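From first to last, the protein sequence lines are chains B and A.
Quick note, in this note's numbering, the first sequence goes up one by one and the last residue is 200.
Quick note, in this note's numbering, the second sequence goes up one by one and the last residue is 400.
Glycine included, each C-beta is placed from N, C-alpha and C at the ideal position.
Just so we're clear, the structure is a prediction, and the values are computed from it rather than from any experiment.
Okay, so here's the structure we're looking at.
2 protein chains.
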Amino acid sequence: MKLGPTLDRLVEAFRRLPGIGPRTAQRLTFHLLQHDREAAVALGEALLAAARDIRHCARCNTLTEEAICATCANPRRDAGLLCVVESPADQLTIEQSLAYSGLYFVLLGRLSPLDGIGPRELQLERLLARATEGTVRELILATSFTPEGDATAHYITEMVRARDPQLKITRLARGVPAGAELEYTDVNTIAQAMLDRRAA
Amino acid sequence: MKLGPTLDRLVEAFRRLPGIGPRTAQRLTFHLLQHDREAAVALGEALLAAARDIRHCARCNTLTEEAICATCANPRRDAGLLCVVESPADQLTIEQSLAYSGLYFVLLGRLSPLDGIGPRELQLERLLARATEGTVRELILATSFTPEGDATAHYITEMVRARDPQLKITRLARGVPAGAELEYTDVNTIAQAMLDRRAA
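Structure representation (structure tokens):
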């Protein structure tokens, strides 16, 4: 049965979400239109508003609707600590651990030469300038404990050391399970790893 | 970390979908805004279009963007066969089995007195009028094989028999696993059950 263009289009749009297969897409479509049109409208409007209004923070790159995100704009955050993460989701996980009160730099990726992601794509020049401009007294590398995350941390360490051999550079403690992605790690493990961060 | 009103609203809207928890809602939000804004816009527009344009077919109650759905409007469907299903999703599953060429009546529910769903809510008077107006030669009850689905089929059988004792009334064969919902049954089982439909 063809559902007709409007329903087919909605099923197709759901299928573009990660982890949503054809049956789930169909079930979500029927559920919303049969039982909860309000939720359909709420989600539709929220998606369009977010796609229109959400941009990257001019300081840390995270997703925000302001020019400067709430964390960067917060005068109570310790500007002497700069934590480097791969994604806004990783940043959120660290925030939820309540173990960190400094600022962030969000790479929006990690070094992956095979995918064409190098130092320029991650804006590492901007990170270098910021880390060595004098305010930062400790640079915390919170990339994932995967080969690519390790390589990214290593590259940043070498790059910053070349400019300022004195700057303290640390990495999250290996309380985080090897091979795990930060985003999927429970917040207590993250808190432990933040407390035990070690010299890079 | 507060994500800000626009992102929080999107996470909340995702959470209203069945089967989507807080972590998945967050992950979908970050994924779309970081990697696939086009998909966010496509889904947002598809949701609003569907919520605005999709209504119920005036003949069979299924979800459609026309006054009369494509199945009811198709002159090649056998109007002598009328299949009663609980939901548009159940109807779609039967269509996908390719074992049926008649028309449908979609109850949009099943009898459930404790939830306040009785014969009136299911528009059974309309079903009775249609089943006994002279065109229909067989009424096929394809409600779920659950206690409520069985009760609904039984009620409809008694109701139609009282008006027209001669009308042939059948039920899907019990090839469908007992206790299962139609929507989740594989189409081959549905096809078998359609072929083996038995007297009610």
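- When B:C60, B:G21 and B:L7 are compared, the shortest CA-CA separation from A:R255 is found for B:L7.
- Bounds of any alpha helix (DSSP H) do not take in B:Y104; it lies within the beta strand (DSSP E) bounded by G102 to V106.
- Residues of chain A with a Cβ closer than 9 Å to the Cβ of B:A49 are, in chain order, T206, R209, L210 and G244.
- Listed by position along chain B, the residues whose Cβ is nearer than 8 Å to that of A:S301 form an empty set, because the closest Cβ is around 12 Å away.
- Within the same chain, and ignoring the five residues on either side of A:I317 in sequence, the residues whose Cβ sits closer than 8 Å to its Cβ are G309, R310 and L311.
- In the three-state DSSP reduction, B:D8 falls in the helix class (H, G or I).
- A:T332 sits away from A:T343, with the two beta carbons spaced by 8 Å or more.
- Taking A:I220 as reference, the option from B:R161, B:L10, B:K2 and B:A39 with the minimal CA-CA separation is B:A39.
- The C-beta separation of A:L341 from A:R371 comes to about 5 Å, placing the pair in contact by the 8 Å criterion.
- Contact annotation: the stretch 269-281 of chain A does not touch the stretch 359-377 of chain A, with fewer than three C-beta pairs closer than 8 Å.
- DSSP places B:T64 in the strand class (E or B) of the three-state scheme.
- Counting of Cβ neighbours within 10 angstroms places B:Y104 among the buried residues, the total reaching 16 or more.
- At a cut-off of 8 Å, the C-beta of A:P275 has no neighbouring C-beta in chain B.
- For secondary structure counted as the beta strand (DSSP E) over 3 or more consecutive residues, the stretch 288-366 of chain A holds these complete runs in sequence order: 302-306 and 338-341.
- Going by DSSP, A:V285 is part of the beta strand (DSSP E) stretching over D278 to V285.
- Looking only at A:H231, A:E286, A:L292 and A:E358, the smallest Cα-Cα distance to A:T346 is reached by A:E286.
- Here DSSP, grouped into helix, strand and coil, assigns A:I220 to coil.
- With fewer than 16 neighbouring CB atoms inside 10 Å of its own CB, A:G334 falls in the exposed class.
- Any Cβ of chain B closer than 8 Å to the Cβ of A:H231 would place that residue at the interface, and such an atom is present.
- In this structure, the CA atom of A:D290 is about 5 Å from the CA atom of A:E383.
- Looking at the backbone, the Cα of A:V376 and that of A:R237 are separated by about 42 Å.
- When the beta-carbon positions are compared, A:A299 and A:I390 come within less than 8 Å of each other.
- Of all residues in the stretch 50-61 of chain B, the ones placed with a Cβ closer than 7 Å to any Cβ belonging to chain A are A50, A51, D53 and I54, in chain order.
- DSSP, read as helix, strand or coil, puts B:A70 in helix.
- The three-state reading of DSSP puts A:A399 in strand, counting E and B together.
- In this structure, the straight-line span from the alpha carbon of A:T224 to that of A:R361 is close to 50 Å.
- For the C-beta of A:F214, the chain B residues within less than 7 Å are, from N- to C-terminus, L43.
- The beta-carbon distance between B:E65 and A:G204, rounded to whole angstroms, is 5 Å. This is short enough to meet the 8 Å contact definition.
- Around A:S287, the beta-carbon contacts reaching into chain B at under 8 Å are F30 and Q34.
- Residue environment for A:L395: exposed (fewer than 16 other C-beta atoms within 10 angstroms of its C-beta).
- Distance between A:L210 and A:H231, taken at the CA atoms: about 12 Å.
- In the three-state reduction of the DSSP assignment, B:T29 falls in the helix class, which pools H, G and I.
- Think of a sphere of 8 Å around the beta carbon of A:L217: the chain B residues whose beta carbon falls inside it are L28, H31, L32, A39 and L43, in chain order.
- Chain B has no Cβ within less than 8 Å of the Cβ of A:A400.
- Shown here, B:I190 sits in a helix according to DSSP, grouped into three states.
- B:Q26 is classed as buried because its beta carbon has at least 16 other beta carbons within 10 Å across all chains shown.
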